[in-house]
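Some notes on the structure that comes next.
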Amino acid sequence: MFGAIEAGGTKFVCAVADEQLVVQDRVRIPTDDPQKCVPQIVQFFQQYQLSGLGVGAFGPIGINPESADYGFVKQTPKPGWSHFDFLGALKTALDCPIYWTTDVNVAAYGELHRGAAQGLHNVVYLTVGTGIGGGIIHDGKVYTAYSHPEVGHIAVRPSADDVPGFKGVCPYHDYCLEGMAAGPAIEARVGVPAATLSKTDAVWDIEAYYLAQAAVDYTLSFAPERIIFGGGVSNQAQLYPLIQASFAVQMNGYVETPPLNEYLVHAGLGDDAGITGALLLAQRVATH
Ligand code: ADP
Ligand code: ZN
Numbered sequence: 010m011f012g013a014i015e016a017g018g019t020k021f022v023c024a025v026a027d028e029q030l031v032v033q034d035r036v037r038i039p040t041d042d043p044q045k046c047v048p049q050i051v052q053f054f055q056q057y058q059l060s061g062l063g064v065g066a067f068g069p070i071g072i073n074p075e076s077a078d079y080g081f082v083k084q085t086p087k088p089g090w091s092h093f094d095f096l097g098a099l100k101t102a103l104d105c106p107i108y109w110t111t112d113v114n115v116a117a118y119g120e121l122h123r124g125a126a127q128g129l130h131n132v133v134y135l136t137v138g139t140g141i142g143g144g145i146i147h148d149g150k151v152y153t154a155y156s157h158p159e160v161g162h163i164a165v166r167p168s169a170d171d172v173p174g175f176k177g178v179c180p181y182h183d184y185c186l187e188g189m190a191a192g193p194a195i196e197a198r199v200g201v202p203a204a205t206l207s208k209t210d211a212v213w214d215i216e217a218y219y220l221a222q223a224a225v226d227y228t229l230s231f232a233p234e235r236i237i238f239g240g241g242v243s244n245q246a247q248l249y250p251l252i253q254a255s256f257a258v259q260m261n262g263y264v265e266t267p268p269l270n271e272y273l274v275h276a277g278l279g280d281d282a283g284i285t286g287a288l289l290l291a292q293r294v295a296t297h
């Protein structure tokens, strides 16, 4: 059996699957203090004989095997999780190889093999939800370096149509993508949940402008074959033509990309991307 963990801000999803990666059991555990939820996670997996486990964790996390904080959750507002050795706790309790990476990286990997990026090798996956995070696939592999990229916090140039003086809601940066375009940023402008807005609300043009600007930056930085949008906000289908049109204006023909309606697209797996990718990575770590 293979195991998968998708560790999110509100819940942990744990799943086990057979050799064909068909999910056999799955559980949701609320994201509580690690002293409370790690024993529940361990208990779930101890029912099974695992040959590999894939973990996608909310960041920032220590991802560099050379570094002393490898496997740790870094500074986070989530109570009890700052500087917690999550990978160490899993390794102590579960005797199997573990693939350890970020939540967005497992989702990117899932999209690559089973979702909107099948057959491709170089992809950027961006989740636009409570926050914005990105996973990058380079040459078929999850891209990591000194640490994992944090492409949700790149600086953006404000839109002329935006609320005057709005600098975003990121506590770290003014005018960063997450602060300007994640769900809470939309809600800060309009005062109601983003999902309740009309499809023709002017805020979607502003949202599309920022997501397109980010897509231009990722195109210039990584030259991917496709950029995929996941997360709650990405369910707004009217955004895609707006993002594509704004991308064309902002890129201004500087680099060639695939046709924009194939290049800037919605994720294919929805909420299953993370668990699917984590299972695929569990399988990979088991056989390497
Ligand atoms: P999380 O990021 O916490 O895992 P989501 O990806 O669902 O969860 O993101 C939640 C954010 O996305 C909230 O700000 C919410 O208002 C917004 N959101 C969720 N669903 C939609 C939707 N269908 N349309 C627009 N915004 C949405
Ligand atoms: Zn930021």
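Residue 240 in the working numbering sits at position 231 of the sequence shown, and the numbers go up by one each step. Each residue gets a CB set at the ideal place from its N, CA and C atoms; glycine is no exception.
C-beta atoms of residue i and residue j nearer than 8 Å
i: W90; j: P158; result: no
i: I9; j: I50; result: Only positions 10 to 297 of the chain appear in the structure, and residue 9 is not among them; the question remains open.
i: L248; j: F256; result: no
i: L62; j: G97; result: no
i: I141; j: A190; result: yes
i: A117; j: V151; result: yes
i: P325; j: N131; result: With the chain covering 10 to 297 only, the question about residue 325 has no answer from this structure.
i: V242; j: Y108; result: no
i: L289; j: L30; result: yes
i: V133; j: Y227; result: yes
i: V22; j: R35; result: yes
i: G240; j: V137; result: yes
i: T153; j: K87; result: no
i: A204; j: I252; result: no
i: D214; j: D170; result: yes
Buried or exposed (CB count within 10 angstroms, at least 16 for buried), residue i
i: D112; result: buried
i: A77; result: exposed
i: D281; result: buried
i: T266; result: buried
i: G65; result: buried
i: A224; result: buried
i: L229; result: exposed
i: V172; result: exposed
i: E120; result: buried
i: Q55; result: exposed
i: P167; result: buried
i: Y155; result: exposed
i: Q292; result: buried
i: A194; result: buried
i: Q58; result: exposed
i: E187; result: buried
i: T110; result: buried
i: T296; result: exposed
i: R198; result: buried
As assigned by DSSP and simplified to three states, the class of residue i
i: W213; result: helix
i: F175; result: coil
i: R166; result: coil
i: V225; result: helix
i: D34; result: strand
i: G286; result: helix
i: L135; result: strand
i: Y181; result: coil
i: G128; result: coil
i: Y152; result: coil
i: P193; result: helix
i: Y108; result: strand
Nearest-angstrom beta carbon gap, residue j and residue i [assumed within contact, 8 Å]
i: T139; j: G18; result: 6 Å
i: A287; j: V25; result: About 11 Å separates the two Cβ atoms, so there is no contact after all.
i: L273; j: I236; result: 5 Å
i: G143; j: V160; result: 4 Å
i: V165; j: C185; result: 7 Å
i: F93; j: F81; result: 7 Å
i: F231; j: A276; result: Contact flag wrong, Cβ pair sits at about 18 Å.
Terminal residues of the beta strand (DSSP E) in which residue i lies
i: L62; result: 61-66
i: F11; result: 11-16
i: G143; result: 141-147
i: G239; result: 235-239
For residue i, the first and last residue of its enclosing alpha helix (DSSP H)
i: Y118; result: 112-123
i: C46; result: 43-55
i: V274; result: Taken as a continuous stretch (DSSP letters only), V274 belongs to no alpha helix (DSSP H), being part of the beta strand (DSSP E) at 273-275.
i: I70; result: Careful: I70 lies outside any alpha helix (DSSP H) and carries neither H nor E.
i: K100; result: 95-102
i: A24; result: Counting along the chain, A24 falls outside any alpha helix (DSSP H), though it belongs to the beta strand (DSSP E) covering 20-26.
i: F81; result: Here F81 belongs to no alpha helix (DSSP H), and DSSP marks it neither H nor E.
i: Q253; result: 248-260
Pocket of the ligand NAP (residues with CB nearer than 6 Å to any heavy atom), chain order: Looking at this structure, you won't find the ligand NAP anywhere; what it does contain is the ligand ADP and the ligand ZN.
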